[in-house]
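See below for the structure under consideration.
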Amino acid sequence: MNQPVNPADIHKVIIEQQKARNRKKMMVNGVLFLLLLAAPFMMYPVFLMKILCFALFAVAFNLLFGFAGLLSFGHAAFLAAGGYTTGYLLSNFAGLSTELGILAGTATATVLGLAFALLSIRRQGIYFAMVTLALAQLVFFFFVQAEFTGGEDGMHGIPRGHLLGLINLEDNLNMYYFVLAVFIGCYLLVQRIVSSPYGQVLKAIKQNEPRAVSLGYNVDRYKVLAFVISSALAGLAGSMKSVVFQLASLNDAHWHMSGEVILMTLLGGMGTLLGPVIGATFVVNVEYQLSQGPLRDWVDPILGGIFVLTVLAFRSGVVGEIQKLVDRNFK
Amino acid sequence: MTMIFGVPLAVLSGQLLIGIINGAFYALLSLGLAVIFGLLKIINFAHGAMYMLGALVTVVLFDLMGVNYWVALFLAPLLVGAFGVLIEYFLLRRIAGQDHIYSLLLTFGVALIIQGVLTNIYGVSGLRYAMPDMFKGGINLGFMFLPYYRAWVIVVAMLVCFGTWFIIEKTKLGSYLRAGTEDSQLMQGFGINVPLLVSLTYGFGVMLSALAGVLAAPIYSVTPVMGSNILIVVFAVVVIGGMGSIGGAIITGILMGVVEGLTKTFYPPASSAVIFLVMVMVLMIRPTGLFGKEA
């Protein structure tokens, strides 16, 4: 113990450890990637795309909730704004290539997100959640009354069209790989954001906001940006979803949906990258399985039960708990 | 016929009355939320479900055992309040000390369960509850017709709101509650049973909500989902008023009911959205809410 330790050695060890950890992560991600590539040959592609869309939605939400510590109870508004915009454009402007429709949907959600952020950022914690919830309800009422959404009936028969005017997306396999590419792109983007200096500041704000303020960070601007990015990605998820299912409905705008994405994120592990993906996969599967069986009318109470259990016993989520286990046993 | 801004006076005053009644419900509900938030720092997402339970219990008690309105007026809030105490004791207590966000999520889950289970039992089409005989009819005030029951709702709501305000601001028990909000550990040190206080406070807040439910049973359609939409409106009311004061919650509730009623008269399509629009404006001008103190 008394031997002098060269600080440079410690540094080297730490870097070695980090490299080993990164290698492991790369391997996990590589295996997941291969699985995703092969998945449509083993399972129904539309179902897989549903999972991917919700996973993207949850990843977007998690950027805000898990990393910036802001609980938005209004993310359904962005999902729906993206979906309706894309659906409207693709249905009414024949020949518009699909990616433009999706981009327009994302842009709408982004602008809406900026408006939400500027209003809600003035309140914190629980109030923030209530303000976003109320704003999303306002958007919901707008969608109920607006003509172009089809009100209670929703928007049907949205054409999938062609990607870049070339690739026929009516083909489920083409559509799947397009969704997969977008999803992976967004996932990597979020990963990049989180590990960037900007992401570090976000985490600092989450952990101790007064300190971040006293260090001279303009906390509100960081939060607004996180909100806008998150709502943009949520809108993208909604746009993709409306193209995949050729359908946009009020369900996407209802506050129930905002609750569901919270559940996905919390269950999978908030503040982890993979968590929301796992949570979304789980929730979509549970809903699907239940809807097939005798418990089809009991989806809501069962989700509520999962919610309660997660909050009581399982706050770190699947990925968080596994991380804890690994940290405890293999250090 | 007298016209005001192109609207007949009778129509205007009728909508105003409906507005005041809705406002009375908003006031009762946001008051309950404010009481619970004050001591427990919990946003009770199950508040709408408790309101619905109050109404549903009233209907079911009558259908099964013929319990009349007057008994239900006391019995239903007590039953639902006791249920609330159980929720506090078995669920909320376990996450005390965690981030407040978790209590919001927990009560959200509870609301989903209650609403989902009851939807499966009673459906969403709505149950009818007969108006008690003595409230049938109304009086003609000359410029408008005032049904007795509506007048009764306003009177009860005002009495309960004032009573709650009085207990919390003016009595010994209220001073314990307020002190518990400031520093619960110190209160514990003074020999006050804070956990009991917390349970009872949650139960009381839930009772207020259930009472609103009983009052609503004869005039609104009773369904398992009746609480979910009104809850979000009440959240907006709370944001507008700020949770700083009990009185603020009451005044804002009634005010917002009136604003909604007026909007229904002059521009109906916006009536369901107007409270949220007011909230947006308040947030822009006075982010802490009309009566809010905290930053």
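Those protein sequence lines, which keep their order, are chains H and A.
Heads up: the first sequence runs through residues 1 to 331, numbered per our numbering.
Heads up: the second sequence runs through residues 332 to 626, numbered per our numbering.
C-beta atoms are modelled at their ideal positions from N, C-alpha and C, and glycine is treated no differently.
Note that the coordinates shown come from a computational prediction; the quantities given were computed from them, not determined experimentally.
Cα-Cα separation between residue i and residue j, rounded to whole angstroms
{"i": "H/I184", "j": "H/Y217", "result": "31 angstroms"}
{"i": "H/L303", "j": "A/I444", "result": "8 angstroms"}
{"i": "A/A510", "j": "H/R123", "result": "25 angstroms"}
{"i": "A/V613", "j": "A/S576", "result": "17 angstroms"}
{"i": "H/T14", "j": "A/L504", "result": "The sequence as given places Ile at residue 14 of chain H; Thr does not occur at that position. Whole-angstrom Cα-Cα distance: 58 angstroms."}
{"i": "H/F178", "j": "H/G161", "result": "13 angstroms"}
{"i": "H/F128", "j": "A/L608", "result": "16 angstroms"}
{"i": "H/M264", "j": "A/V570", "result": "27 angstroms"}
{"i": "A/T495", "j": "A/G473", "result": "34 angstroms"}
{"i": "A/T583", "j": "A/V545", "result": "22 angstroms"}
{"i": "H/I193", "j": "H/G199", "result": "6 angstroms"}
{"i": "A/V486", "j": "A/Y382", "result": "19 angstroms"}
{"i": "A/G468", "j": "A/Y480", "result": "8 angstroms"}
{"i": "A/D464", "j": "A/T594", "result": "32 angstroms"}
{"i": "A/L437", "j": "A/L417", "result": "14 angstroms"}
{"i": "A/S344", "j": "A/F476", "result": "9 angstroms"}
{"i": "A/I367", "j": "A/L359", "result": "13 angstroms"}
{"i": "A/G573", "j": "A/G623", "result": "4 angstroms"}
{"i": "H/P210", "j": "A/T619", "result": "18 angstroms"}
{"i": "A/Y534", "j": "H/M42", "result": "A small correction: the amino acid at residue 534 of chain A is Gly; Tyr does not occupy that position in the sequence shown. Whole-angstrom Cα-Cα distance: 52 angstroms."}
{"i": "A/V525", "j": "A/S515", "result": "7 angstroms"}
{"i": "H/D300", "j": "H/L215", "result": "45 angstroms"}
{"i": "H/N29", "j": "H/A39", "result": "15 angstroms"}
Closer than 8 angstroms to chain A by CB, residue i
{"i": "H/F141", "result": "yes"}
{"i": "H/F67", "result": "no"}
{"i": "H/R211", "result": "no"}
{"i": "H/M257", "result": "no"}
{"i": "H/D300", "result": "yes"}
{"i": "H/G305", "result": "yes"}
{"i": "H/Q289", "result": "no"}
{"i": "H/L138", "result": "yes"}
Secondary structure of residue i, DSSP reduced to three states
{"i": "A/A626", "result": "Per-residue confidence for A/A626 stands at a pLDDT of 43, beneath the threshold of 50, marking its modelled position as unreliable; the derived number appears in the next sentence. Here A/A626 sits in coil by DSSP."}
{"i": "A/F497", "result": "helix"}
{"i": "A/M475", "result": "coil"}
{"i": "H/G175", "result": "The residue asked about is misnamed: residue 175 of chain H is Met in this sequence, not Gly. DSSP places H/M175 in helix when its eight states are reduced to three."}
{"i": "H/V311", "result": "helix"}
{"i": "H/N218", "result": "coil"}
{"i": "H/H254", "result": "coil"}
{"i": "A/G469", "result": "strand"}
{"i": "H/I15", "result": "helix"}
{"i": "H/N92", "result": "helix"}
{"i": "H/N22", "result": "helix"}
{"i": "H/L266", "result": "helix"}
{"i": "A/V391", "result": "helix"}
{"i": "H/I167", "result": "strand"}
{"i": "H/A146", "result": "coil"}
{"i": "A/P408", "result": "helix"}
CB contact flag (residue i, residue j, <8 angstroms)
{"i": "A/C492", "j": "A/I581", "result": "yes"}
{"i": "A/I374", "j": "A/L435", "result": "yes"}
{"i": "H/L70", "j": "H/K241", "result": "no"}
{"i": "H/G154", "j": "H/L48", "result": "no"}
{"i": "H/A94", "j": "H/A253", "result": "no"}
{"i": "A/A567", "j": "H/A76", "result": "no"}
{"i": "A/S530", "j": "A/Y420", "result": "yes"}
{"i": "H/Q145", "j": "A/P600", "result": "yes"}
{"i": "H/L290", "j": "H/W298", "result": "yes"}
{"i": "A/P549", "j": "A/Y460", "result": "yes"}
{"i": "H/G279", "j": "H/F78", "result": "no"}
Proximity test, residue i beta-carbon vs the ligand GDP heavy atom, cut-off 7 angstroms
{"i": "A/T583", "result": "Absence of the ligand GDP from the depicted structure is noted, as is the absence of any ligand whatsoever, leaving it without description."}
Beta carbon proximity, residue i to chain H, threshold 8 angstroms
{"i": "A/S576", "result": "no"}
{"i": "A/H431", "result": "yes"}
{"i": "A/P618", "result": "yes"}
{"i": "A/G379", "result": "no"}
{"i": "A/I323", "result": "In the structure as shown, chain A begins at 332 and stops at 626. Residue 323 of chain A is therefore absent and cannot be evaluated."}
{"i": "A/L436", "result": "yes"}
{"i": "A/V570", "result": "yes"}
{"i": "A/R424", "result": "no"}
{"i": "A/V613", "result": "no"}
{"i": "A/V455", "result": "no"}
{"i": "A/P555", "result": "no"}
Presumed contact (8 angstroms Cβ cut-off) between residue i and residue j, rounded CB distance
{"i": "H/G269", "j": "H/S316", "result": "6 angstroms"}
{"i": "H/T108", "j": "H/G82", "result": "7 angstroms"}
{"i": "A/G447", "j": "A/V411", "result": "Incorrect: roughly 18 angstroms between the Cβ atoms, too far for contact."}
{"i": "H/L169", "j": "H/T98", "result": "6 angstroms"}
{"i": "A/A541", "j": "A/A380", "result": "Actually they do not touch by this definition, with Cβ atoms about 10 angstroms apart."}
{"i": "A/A403", "j": "A/V484", "result": "15 angstroms between Cβ atoms; not a contact."}
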